[in-house]
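For reference, the structure is listed below as structure tokens.
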Amino acid sequence: MMNQEVLQVQGLTTRRGDFQLGPLAFSVASGSCLAIQGINGAGKTTLLEAIAGFSPAQAGCLMLQGRDITAEAPELRRIAYVPQDLALFPHLTVEGNVAFGLRDGRRASRGVLKRLLDEFKLNHLRTSYPQQLSRGQRQRVALARALAMEPSLVLFDEPSVNLDATSCEALHLGVRRLVQEYDLAVLYVTHHQSEVARLADHVAILSDGRLLQTGSYSEVHARPADTCVASHLGIDNLWSASIVGKSARGLRIDVDGHILESSTAIPPRGPFCVGLSAGDIEIARSRPQGINNCSSNTLALRSE
Amino acid sequence: MAQFVRSLHSSRELRVVIPFALLGTIFLASIVLPLAVLSIDALSAPGELARVASDSEAQSAVLLSLEAALLTAVMAGLLGIPLAWLLARVEFPGKGLIQALVDVPLTVPHVVAGIAVLFVYGRRGLIGAPLHHLFGLTFWGSLPGIVVAMLFVSAPFTVSAARLALEAVDPRLERAARSLGAGPWRVLWSVVLPLSWRGLLTAMTLGYARAVSEFGSVVIIAYYPMTAPVKIYDLFLRFGLPEALALSFIVLVISLFIFIALRVLAGSGRQKDIE
Chain D
45 MMNQEVLQVQ GLTTRRGDFQ LGPLAFSVAS GSCLAIQGIN GAGKTTLLEA
95 IAGFSPAQAG CLMLQGRDIT AEAPELRRIA YVPQDLALFP HLTVEGNVAF
145 GLRDGRRASR GVLKRLLDEF KLNHLRTSYP QQLSRGQRQR VALARALAME
195 PSLVLFDEPS VNLDATSCEA LHLGVRRLVQ EYDLAVLYVT HHQSEVARLA
245 DHVAILSDGR LLQTGSYSEV HARPADTCVA SHLGIDNLWS ASIVGKSARG
295 LRIDVDGHIL ESSTAIPPRG PFCVGLSAGD IEIARSRPQG INNCSSNTLA
345 LRSE
Chain A
8 MAQFVRSLHS SRELRVVIPF ALLGTIFLAS IVLPLAVLSI DALSAPGELA
58 RVASDSEAQS AVLLSLEAAL LTAVMAGLLG IPLAWLLARV EFPGKGLIQA
108 LVDVPLTVPH VVAGIAVLFV YGRRGLIGAP LHHLFGLTFW GSLPGIVVAM
158 LFVSAPFTVS AARLALEAVD PRLERAARSL GAGPWRVLWS VVLPLSWRGL
208 LTAMTLGYAR AVSEFGSVVI IAYYPMTAPV KIYDLFLRFG LPEALALSFI
258 VLVISLFIFI ALRVLAGSGR QKDIE
């Protein structure tokens, strides 16, 4: 199936107090997850609020499935928004929470409600209140509630903060399910590199209200646009380097007098750095077989 | 309790706690003692109590007070809760001024409030005149007059308490509801009100309590028909303390009963919402 672009963000600019976000441009396709990665204060939540309709756009436009939603009220956008604390309604039961988002009149939607409760294993909890549930159960309620409105796009605002490993695992499975089974477009905001690696088909690095780089996860990880992106990706070991020639597999690169061989044959434009991600370092007692003085994960990137 | 005692004993804070407890006791005594002495004196003359309780004038004064205060509480809720919501949720220029205006009645002597209300709602007043012409409504010496006077002095309590109750509703829940397709009215109806109704009821209870006890402004705009406080004052002026005592006790008991009942209603199940 062709993946269609669900959300298109074109030159979006918004403000919150002194903070300016944008102009930003990116898109999310159906059946894919775009992770927005950035440190606290980068503007991640402001971006989600602008897309959900809680922060008015000052310039640019938002297109949802070809429809201009820039000036539309949040309740008309049909974009599911799962905030960090899930925001389940404390005065409604599990069933009431899930039914809140149902699109049509009660009778027509009865079947949808039952299906969602079944699918998210909430049937035995339907009369419970959110405060009686475990964190994992609450998450399932939040996902079922988001799906009840039949959205084409789901926004997640750092849902894994304060989660233990098991709940985090369950959350990631849930998100992948939305992408793969329901063919939804998911925008997932996080500051965890590991989550991006696990969940995202595409990643956008947000810093100080601007996008530094967007692309597929492997693309961005292999060729970070600059040292700032590299540091967002957890690549802190950086050396200035220069190209000294070509090799059978890629390029021969001089790093501090050591010659390394890169896995890419496309030379970076201008001066660049070589970076080594901490996760790629392995410590061995003896020299492993088949490894000389080159690394297969050598990264080529421009320096600022 | 055991922990409380231990924490006091093990702490140098005792030097603060003891004088503060003494001052607090004096404060509480100044409230409880007059009411207790009044009750004991009244109960020591059960015959007089029974006579006043069966007196039709006294009965209608008490009923009028309850009726007017209830109407006032409902009006304060209808007019004050929307204002409280604006103050709690919307940023607009002059918000500080509006908040100050809401609180102005707290600083105005109630007799002054009565005269001011009479000027506006009197038969030649700015509001009183057209209402009299159009609907034949008279405020001087009537139930509507008593209600507007009570409203003036009790509305600030309702608005302030309602504002606190509405501010306590997590705005993130309102946003979640909006993104799930609920328009502003549905959010108000299905999220804000269910989560704040106890606080709003408390706000109206406060308004009721303030209204039922009002004397100063009511006596200006309506000496007749007499509310209970005016009737007590009238009895006191004409016959002295003993006559006023029995009705005072009856009014005290009724007021406390209603106040406690409303507090219990507003407090019931609150724990469930907060957890």
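Here the protein sequences line up with chains D and A, keeping their order. Per the working numbering, the first sequence starts with residue 45, numbered consecutively. Per the working numbering, the second sequence starts with residue 8, numbered consecutively. Note that CB positions come from ideal geometry on N, CA and C, so glycine has one too. Please read all numbers here as calculations on a predicted model, not as lab measurements.
#1: Output needed in chain order: residues of the stretch 187–208 of chain A with a Cβ under 9 Å from some Cβ in chain D.
#2: Are H216 of chain D and Q81 of chain D close, meaning C-beta to C-beta below 8 Å?
#3: Check G259 of chain D in the structure and name its three-state DSSP category.
#4: What does G218 of chain D reach in chain A if we use C-beta pairs closer than 7 Å?
#5: Run through DSSP, which three-state label would R130 of chain A get?
#6: Taking only beta-carbon atoms, is R179 of chain D less than 8 Å away from chain A?
#7: Given that R170 of chain A touches chain D, what residues does it touch there, using C-beta distances under 7 Å?
#8: Compute the beta-carbon to beta-carbon distance between I297 of chain D and L199 of chain D, rounded to the nearest angstrom, for a pair I have assumed lies under 8 Å.
#9: What residues from chain A crowd round M107 of chain D, counting only those whose CB sits closer than 8 Å?
#10: Give a yes or no on whether the minimum CB-CB distance between Y125 of chain D and chain A is below 8 Å.
#11: Candidates D:Q237, D:P127, D:T210 and D:T171: which alpha carbon is nearest L187 of chain D's?
#12: For the 8 Å Cβ check, are there 3 or more pairs between the stretch 42–53 of chain A and the stretch 120–137 of chain A?
#13: Does the separation of the CB atoms of A162 of chain A and P112 of chain A fall below 8 Å?
#14: List, in order along the chain, the chain D residues whose C-beta lies closer than 9 Å to that of L6 of chain A?
#15: Grab me the residues of S74 of chain D's own chain with a C-beta within less than 6 Å of its C-beta, minus the 5 sequence neighbours each way, in chain order.
#16: Thinking I153 of chain A and V225 of chain A are a contact (beta carbons under 8 Å), I'd like their distance in whole angstroms, please.
#17: Report all residues from its chain with a CB closer than 8 Å to the CB of G259 of chain D; omit the five preceding and five following residues, and keep chain order.
#18: In chain D, what lies closer than 9 Å to R245 of chain A by C-beta?
#19: Does the count of Cβ pairs from the stretch 106–118 of chain D and the stretch 167–186 of chain D closer than 8 Å reach three?
#20: Return the CA-CA distance between L30 of chain A and V258 of chain A, expressed in angstroms with no decimal places.
#21: Look at the alpha carbon of A183 of chain A and the alpha carbon of E174 of chain A, and state the distance between them as a whole number of angstroms.
#22: When you compare each of D:K88, D:L120, D:S291 and D:L160 to E139 of chain D by their alpha carbons, which one comes out closest?
#23: Using the rule of at least 16 other Cβ atoms within 10 Å of the residue's Cβ for burial, across every protein chain shown, is I95 of chain D buried or exposed?
#24: First and last residue of the beta strand (DSSP E) that includes W283 of chain D?
#25: On a Cα-Cα basis, can you pick out the residue from A:L94, A:A76, A:P137 and A:A95 that is closest to A156 of chain A?
#26: Indicate whether at least one CB of chain A lies closer than 8 Å to the CB of F200 of chain D.
#27: Could you compute how far the alpha carbon of S220 of chain A sits from the alpha carbon of R184 of chain D?
#28: Straight-line CA distance for A218 of chain A to F264 of chain A?
#29: At what residues does the alpha helix (DSSP H) containing S51 of chain A begin and finish?
#30: Is the number of C-beta pairs between the stretch 127–136 of chain D and the stretch 266–280 of chain D that are closer than 8 Å three or more?
#31: Buried or exposed, going by whether 16 or more other CB atoms sit within 10 Å of the CB of N206 of chain D?
#32: With 8 Å set as the bound, which would you pick, yes or no: does the beta-carbon of F164 of chain D sit closer than that to a beta-carbon of chain A?
#33: Give me, in chain order, the residues of the same chain whose beta-carbon lies closer than 7 Å to that of V59 of chain A; leave out the 5 immediate sequence neighbours on both sides.
#34: Between D:P134, D:S211, D:R121 and D:L320, which has its C-alpha nearest G185 of chain A's C-alpha?
#35: So, helix, strand or coil for I83 of chain D, using DSSP?
From the atom records:
#1: L187, G188, A189, G190, P191, R193, V194, S197, V198, P201 and L202
#2: no
#3: strand
#4: Ordered by position in chain A, no residue passes the 7 Å Cβ test against G218 of chain D, which lies about 17 Å from the chain.
#5: coil
#6: no
#7: Around R170 of chain A, no beta-carbon contact reaches into chain D at under 7 Å, the shortest distance being about 20 Å.
#8: Not quite, the Cβ-Cβ distance comes to about 41 Å (not below 8 Å), so this is no contact.
#9: Neighbours of M107 of chain D on chain A: none; closest Cβ ~18 Å, over 8 Å.
#10: yes
#11: D:P127
#12: no
#13: yes
#14: Limits of chain A in this structure are 8 at one end and 282 at the other, which puts residue 6 of chain A out of reach.
#15: N47, Q48, V50, D227 and A229
#16: 5 Å
#17: H246 and V247
#18: By Cβ distance, chain D contributes nothing, its closest Cβ being about 54 Å from R245 of chain A, past 9 Å.
#19: Flag = no, the stretch 106–118 of chain D and the stretch 167–186 of chain D do not touch.
#20: Just so you know, the alpha carbons of L30 of chain A and V258 of chain A end up roughly 29 Å apart.
#21: 16 Å
#22: D:L160
#23: buried
#24: N281 to K290
#25: A:A76
#26: no
#27: Their backbone Cα atoms lie some 52 Å apart in a straight line.
#28: 15 Å
#29: Taken as a continuous stretch (DSSP letters only), S51 of chain A belongs to no alpha helix (DSSP H), as it is neither H nor E.
#30: Using a C-beta cut-off of 8 Å, the stretch 127–136 of chain D makes no contact with the stretch 266–280 of chain D, since fewer than three inter-stretch Cβ pairs fall below that distance.
#31: By the neighbour-count rule (16 or more Cβ atoms within 10 Å), N206 of chain D is not buried but exposed.
#32: Not an interface residue.
#33: A65, A253, L254 and I257
#34: The sequence shown places Arg at residue 185 of chain A, not Gly. If we check each option's Cα against that of R185 of chain A, D:R121 comes out closest.
#35: Taken through DSSP and simplified to helix, strand or coil, I83 of chain D comes out as coil.
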